[in-house]
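K.L.:
Could you have a look at this structure, given as structure tokens, before my questions?
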Amino acid sequence: MDYMKFEKAMDRAGKALFLDCDTERCMKILQTIIIKFESVSKCGPKCLSVPGAECPTIAQRVACFSGSFCPGAAISVHVSMARFWAGKGEVKPLFTTLGQLLVVSYFWRLQKVALSLPFIPPNSPQVEVCSTASHRSGYRVHLPAEIWREIANWLTRPDWKALLHVPHPLRKFASDLFFGDIFLQFDVYSSCSSDVQLNRRQEELQAWHSQRTLGIMTRILRDWRFAGRVRSLRVHMCDHRSGGPIDVINFELNCLAEVLWKLTGLKSLYLYGSPIFLYNLVSRLPQLAPRLESVTIRYHQYEGRMYCPRIPAPLKHLQQLCVHPTTADLCAYNDGLKQASQTLRRLKMAHHSSPVSIITPLAGNLTHLELVAPWGGANETSLFHVILGSGERLESLRLVGYPLQAHSIHFRQYRRSLPLLRDFGLRLMHGRMAMIDPDLFPSICDFLRDRPLLESLELVAYAREVDQVAFGFGMCVWEFVSSLPHLRILSANLLNGIPHRRMIEYIPRSVKTLSVPQCGVWYLEQLLQEDGWPDDLRFFGVGECPQHNSISFARKIAISIPSVRVVRISQDYFSVTGRNDGKSVRVDQWPSRATEVYRKEYLDSSGCEDYEYLYVDHSDVLPR
Numbered sequence: 001m002d003y004m005k006f007e008k009a010m011d012r013a014g015k016a017l018f019l020d021c022d023t024e025r026c027m028k029i030l031q032t033i034i035i036k037f038e039s040v041s042k043c044g045p046k047c048l049s050v051p052g053a054e055c056p057t058i059a060q061r062v063a064c065f066s067g068s069f070c071p072g073a074a075i076s077v078h079v080s081m082a083r084f085w086a087g088k089g090e091v092k093p094l095f096t097t098l099g100q101l102l103v104v105s106y107f108w109r110l111q112k113v114a115l116s117l118p119f120i121p122p123n124s125p126q127v128e129v130c131s132t133a134s135h136r137s138g139y140r141v142h143l144p145a146e147i148w149r150e151i152a153n154w155l156t157r158p159d160w161k162a163l164l165h166v167p168h169p170l171r172k173f174a175s176d177l178f179f180g181d182i183f184l185q186f187d188v189y190s191s192c193s194s195d196v197q198l199n200r201r202q203e204e205l206q207a208w209h210s211q212r213t214l215g216i217m218t219r220i221l222r223d224w225r226f227a228g229r230v231r232s233l234r235v236h237m238c239d240h241r242s243g244g245p246i247d248v249i250n251f252e253l254n255c256l257a258e259v260l261w262k263l264t265g266l267k268s269l270y271l272y273g274s275p276i277f278l279y280n281l282v283s284r285l286p287q288l289a290p291r292l293e294s295v296t297i298r299y300h301q302y303e304g305r306m307y308c309p310r311i312p313a314p315l316k317h318l319q320q321l322c323v324h325p326t327t328a329d330l331c332a333y334n335d336g337l338k339q340a341s342q343t344l345r346r347l348k349m350a351h352h353s354s355p356v357s358i359i360t361p362l363a364g365n366l367t368h369l370e371l372v373a374p375w376g377g378a379n380e381t382s383l384f385h386v387i388l389g390s391g392e393r394l395e396s397l398r399l400v401g402y403p404l405q406a407h408s409i410h411f412r413q414y415r416r417s418l419p420l421l422r423d424f425g426l427r428l429m430h431g432r433m434a435m436i437d438p439d440l441f442p443s444i445c446d447f448l449r450d451r452p453l454l455e456s457l458e459l460v461a462y463a464r465e466v467d468q469v470a471f472g473f474g475m476c477v478w479e480f481v482s483s484l485p486h487l488r489i490l491s492a493n494l495l496n497g498i499p500h501r502r503m504i505e506y507i508p509r510s511v512k513t514l515s516v517p518q519c520g521v522w523y524l525e526q527l528l529q530e531d532g533w534p535d536d537l538r539f540f541g542v543g544e545c546p547q548h549n550s551i552s553f554a555r556k557i558a559i560s561i562p563s564v565r566v567v568r569i570s571q572d573y574f575s576v577t578g579r580n581d582g583k584s585v586r587v588d589q590w591p592s593r594a595t596e597v598y599r600k601e602y603l604d605s606s607g608c609e610d611y612e613y614l615y616v617d618h619s620d621v622l623p624r
């Protein structure tokens, strides 16, 4: 490669962007550079799999230009920037986003004009010398704030938290992004009241939560700048204080209402707790936070009774809605959904009867749909007929339920529908007497064939082999799965009739998240003894393995799959925290609180955030 020509081309791009302010011309020049100098993208950043690995050359040199942090503190910045350049772990060519264009163009301008450094090819041994010299010279050239903001947007929440203590320009933007997501917990979180015992330790934990929540709410009420940062708010309020002072509970609810009023930039709200406490608050949401774009409301059982949330209306900017459990009569949601039909794009609901009546007027505008419900009885309109016939904008479709009629005919009829589909999931659940449909899964495979955009796939049948045959789940499913070159997320039943070596070969090499439901323990053990797993498989989940100790079995999985970082066995999660040439592996089980409350943050820190797509909490909302 002629680096002199490459340097001149980058100078033209930088001039077009920073001197002439012609972004369109700069984009065209950079596209020409990529085509002409193809070797540049080939020597682009690699995936930074472990801390301490060599960071991308450009990331190091851009970071050193700020000159405002010590070498020790720069490690976390380099790691974060490397994740940015690598697309959060994915190997991508350079110049894939406008932010990268800005950084690279400005980098060449600084190198040429401000620092007058000659161009050094990537991975050259002179890079370290020049980087050290720039530190020793004390010459500081700070990148524009827009560049650091774009970089910070690509980082994960654990990265933002680490950058809060680093004296670097990224700290300000990391602070804004980190405190943009607030979590308020008013008491000890637990799945059911029997888990809470009034001992000293739990009383101290509850006091800590109350003090922390009160401190955050006080800061929001007093500091309008801090309140303006918040974009997402999660509230957990349990029902284990029914015998407590009602005036304290009312005080907390009134403070929460005032907080919602102060959060002028709030876009997303998640409410989980007792309906006794939250029902009135939900009804006031349109007045307290009229600009909400995403609302999730979930009530749990209270004194053995099931309360169902109402849809707050009117919310004129509502784009995403999740309510569960729903009421017995779906007509109660018609008015609320009708008012939000023009803006609503994402919907997640659960019900024990067919939701066709409320999905029909919404299907044309939705881009993401997730339903836990039956798909239509023998004398009812099929849910697939409505979705496949009208959901031309759908990018993500996930359905959990049981078939009461043959739905395969609709996949055959609308074979070319849903052209934008990226994520597809279908899971069969036990319920009423299901109708046998041996063409169900073969028709789905033919429907999804030749879709280059497909990245996530979930095809889960019943556990028994005879039931799998009744719905056509067989060799054809795995043969179809193996033909998907860009699949990142996969969840499907293992078939005992397929040889172990061939089963591993059927898994696409691009898969990073793999989850298998209930399967034979012996078959899975034999499968783990085989080699040839995907090189970048980070998450491995198993439905149930009751015959094994969870920790020892998680360690066996981690040894068998060298790239795995998180293992799930039933409801238990394990992080792979130690390796020594693939022989000495240590796994740590997540605390129960981390599993239920901070699952997303833990997954993000391990690079396994894709698993959130597969996670569905069926408690209290299963069709029956």
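Residue numbering for the sequence shown follows my numbering, starting at 1 and increasing by one per position.
Even for Gly, the Cβ is constructed at its ideal location relative to N, Cα and C.
If you check the beta carbons only, do A365 and S341 fall under 8 Å apart?
P.N.:
Position 365 of the sequence shown, counted from the start, is the residue given in the question as residue 365. Position 341 of the sequence shown, counted from the start, is the residue given in the question as residue 341. Contrary to the premise, residue 365 reads as Asn rather than Ala in this sequence. In this structure, S341 lies closer than 8 Å to N365 by Cβ.
K.L.:
Suppose the cutoff is 7 Å on Cβ atoms and the five residues either side in sequence are ignored; what does the same chain contact list for H410 look like?
P.N.:
Reading the sequence shown from its first residue, position 410 is the one you call residue 410. Hits under 7 Å: S382, F384, H385 and L388.
K.L.:
How would you label T156, buried or exposed, when you count the other beta carbons within 10 angstroms and need 16 or more for buried?
P.N.:
As a working mapping, residue 156 is identified with position 156 in the sequence shown. With 16 or more Cβ atoms within 10 Å of its Cβ, T156 is classed as buried.
K.L.:
Roughly how many angstroms lie between the CA atoms of L344 and I297, to the nearest whole one?
P.N.:
By 1-based counting over the sequence shown, the position of residue 344 is 344. By 1-based counting over the sequence shown, the position of residue 297 is 297. So the two alpha carbons sit approximately 16 Å from each other.
K.L.:
Alpha carbon to alpha carbon, how far is F278 from I249?
P.N.:
Counting from one through the sequence shown, the residue named residue 278 turns up at place 278. Counting from one through the sequence shown, the residue named residue 249 turns up at place 249. Correcting the residue identity first, residue 278 is Leu in this sequence and not Phe. Distance between the alpha carbons of L278 and I249: 11 Å.
K.L.:
Quick check on H500: does DSSP put it in helix, strand or coil?
P.N.:
What you label residue 500 is simply residue 500 of the sequence shown in a count that begins at 1. Residue state, collapsed to three classes: helix.
K.L.:
Which residue from R593, S552 and E596 puts its Cα closest to that of V576?
P.N.:
Within the sequence shown, the letter at position 576 stands for residue 576. Checked all of R593, S552 and E596; the closest Cα to V576 is S552.
K.L.:
Can you check DSSP and say which residues form a bridge with V235?
P.N.:
Translated into positions along the sequence shown, residue 235 becomes position 235. Partner(s): L184 and L271.
K.L.:
Please name the residue or residues paired with R464 in a DSSP beta bridge.
P.N.:
By one-based count along the sequence shown, residue 464 stands at place 464. Answer is none; R464 lacks a bridge partner.
K.L.:
Taking 8 Å as the threshold, find out whether the segment 413-427 comes into contact with the segment 454-470 through three or more Cβ pairs.
P.N.:
With a cut-off of 8 Å, the segment 454-470 and the segment 413-427 count as touching, because enough Cβ pairs lie within range.
K.L.:
Between the beta-carbon of L285 and the beta-carbon of P312, is there less than 8 Å?
P.N.:
Looking up residue 285 in the sequence shown gives position 285. Looking up residue 312 in the sequence shown gives position 312. Yes, the Cβ-Cβ distance between L285 and P312 is below 8 Å.
K.L.:
Please determine, among Y611, G376 and H352, the residue with the shortest C-alpha to C-alpha distance to V542.
P.N.:
In the sequence shown, residue 542 corresponds to position 542, counting from 1. Cα-wise, what sits closest to V542 is Y611.
K.L.:
Could you compute how far the alpha carbon of S584 sits from the alpha carbon of R291?
P.N.:
On the sequence shown, residue 584 is found 584 positions in, with the first residue counted as 1. On the sequence shown, residue 291 is found 291 positions in, with the first residue counted as 1. Distance between the alpha carbons of S584 and R291: 52 Å.
K.L.:
In the DSSP assignment, what are the bridge partners of F628?
P.N.:
Examination of residue 628 is not possible in this model, given that the chain is present from 1 through 624 alone.
K.L.:
So, using beta-carbon positions, are F226 and R234 closer together than 8 Å?
P.N.:
If you number the sequence shown from 1, residue 226 lands on position 226. If you number the sequence shown from 1, residue 234 lands on position 234. Cβ distance not < 8 Å, so F226 and R234 don't count as in contact.
K.L.:
DSSP three-state label for K348, please.
P.N.:
Looking up residue 348 in the sequence shown gives position 348. Correct three-state label for K348: strand.
K.L.:
Could you tell me the distance, in whole angstroms, from the CA atom of E258 to the CA atom of Q287?
P.N.:
To locate residue 258, count along the sequence shown from 1; it is residue 258. To locate residue 287, count along the sequence shown from 1; it is residue 287. About 11 Å.
K.L.:
In the DSSP assignment, find the unbroken alpha helix (DSSP H) run with R412 in it and report its ends.
P.N.:
Position 412 of the sequence shown, counted from the start, is the residue given in the question as residue 412. Run containing R412: S408 to Q413, per the alpha helix (DSSP H) assignment.
K.L.:
Considering only residues of the same chain and omitting the five flanking positions on each side of R559, which have a CB-CB separation below 6 Å?
P.N.:
Position 559 of the sequence shown, counted from the first residue, corresponds to residue 559. Checking the sequence, you will find Ile at residue 559 rather than Arg. These residues qualify, in order along the chain: V585.
K.L.:
Quick one: what's got a C-beta closer than 7 Å to C255's C-beta in the same chain, skipping five residues either side?
P.N.:
Along the sequence shown, one-based indexing puts residue 255 at 255. If we look at C255 and ignore the five residues flanking it on each side, its Cβ neighbours are M217.
K.L.:
How would you write the range of the beta strand (DSSP E) that D610 sits in, first residue to last?
P.N.:
By one-based count along the sequence shown, residue 610 stands at place 610. Unbroken run through D610: none, as it is neither H nor E.
K.L.:
The beta strand (DSSP E) with R398 in it runs from where to where?
P.N.:
The count along the sequence shown starts at 1 and reaches residue 398 at position 398. Element bounds for R398: S396 to G401.
K.L.:
State the DSSP-derived secondary structure class of L296, mapped to helix, strand or coil.
P.N.:
In the sequence shown, the residue the question calls residue 296 occupies position 296. It should be noted that the sequence gives Thr, not Leu, for residue 296. Looking at T296 - three-state DSSP - the assignment turns out to be strand.
K.L.:
Taking A492 and V481 to be in contact with their CB atoms under 8 Å, please state how far apart those CB atoms are, rounded to whole angstroms.
P.N.:
To locate residue 492, count along the sequence shown from 1; it is residue 492. To locate residue 481, count along the sequence shown from 1; it is residue 481. The pair is a contact, with the Cβ atoms about 7 Å apart (cut-off 8 Å).
K.L.:
Using the beta-carbon count (16 or more within 10 Å), is T57 buried or exposed?
P.N.:
Reading the sequence shown from its first residue, position 57 is the one you call residue 57. A caution first: T57 carries a pLDDT of 37, below 50, which makes its placement in the model unreliable, though a value can still be read off. Result: buried.
K.L.:
From L224 to V166, what does the alpha carbon distance come to, in whole angstroms?
P.N.:
The count along the sequence shown starts at 1 and reaches residue 224 at position 224. The count along the sequence shown starts at 1 and reaches residue 166 at position 166. Residue 224 is actually Trp in this sequence, not Leu. Answer to the nearest angstrom: the Cα atoms are 25 Å apart.
K.L.:
Helix, strand or coil: which one does DSSP assign to Q342?
P.N.:
Here the question's residue 342 lines up with position 342 in the sequence shown. Three-state result, Q342: coil.
K.L.:
Going by C-alpha to C-alpha distance, which of D604, S605, D572 and T513 sits closest to I561?
P.N.:
Here residue 561 corresponds to residue number 561 of the sequence shown, with the count starting at 1. Of D604, S605, D572 and T513, the residue nearest in Cα terms is T513.
K.L.:
Which one or two residues does DSSP pair with A492 in a beta bridge?
P.N.:
Taking the first residue of the sequence shown as position 1, residue 492 is located at position 492. In DSSP, A492 forms a bridge with L459.
K.L.:
Grouping DSSP H, G and I as helix and E and B as strand, with all else coil, what is V386?
P.N.:
Here residue 386 corresponds to residue number 386 of the sequence shown, with the count starting at 1. Here V386 sits in helix by DSSP.
K.L.:
So the candidates are S390, H430, W478 and L484; which of them puts its Cα closest to the Cα of R415?
P.N.:
Numbered from its first residue, the sequence shown carries residue 415 at position 415. The shortest Cα separation from R415 among S390, H430, W478 and L484 belongs to S390.
K.L.:
Go through the segment 414-455 residue by residue and report every complete run of the beta strand (DSSP E) that reaches 3 residues or more, in order.
P.N.:
Fully enclosed beta strand (DSSP E) runs of 3 or longer: 423-428.
K.L.:
What is the rounded straight-line gap between the Cα of M435 and the Cα of V466?
P.N.:
In the sequence shown, the residue the question calls residue 435 occupies position 435. In the sequence shown, the residue the question calls residue 466 occupies position 466. Each residue's Cα considered, the two are about 14 Å apart.
K.L.:
In angstroms with no decimal places, state the Cα-to-Cα distance between Q518 and L494.
P.N.:
Here residue 518 is taken as the residue at index 518 of the sequence shown, counted from 1. Here residue 494 is taken as the residue at index 494 of the sequence shown, counted from 1. So the two alpha carbons sit approximately 9 Å from each other.
K.L.:
Nearest-angstrom Cα distance between P374 and H430?
P.N.:
For the purposes of this step, residue 374 is taken as residue 374 along the sequence shown, with counting starting at 1. For the purposes of this step, residue 430 is taken as residue 430 along the sequence shown, with counting starting at 1. Spanning the two alpha carbons is a distance of roughly 10 Å.
K.L.:
Please name the residue in Q185, A378 and R346 whose C-alpha comes closest to that of A207.
P.N.:
Working through the sequence shown from its first residue, we reach residue 207 at position 207. Taking only the C-alpha atoms, the option nearest A207 is Q185.
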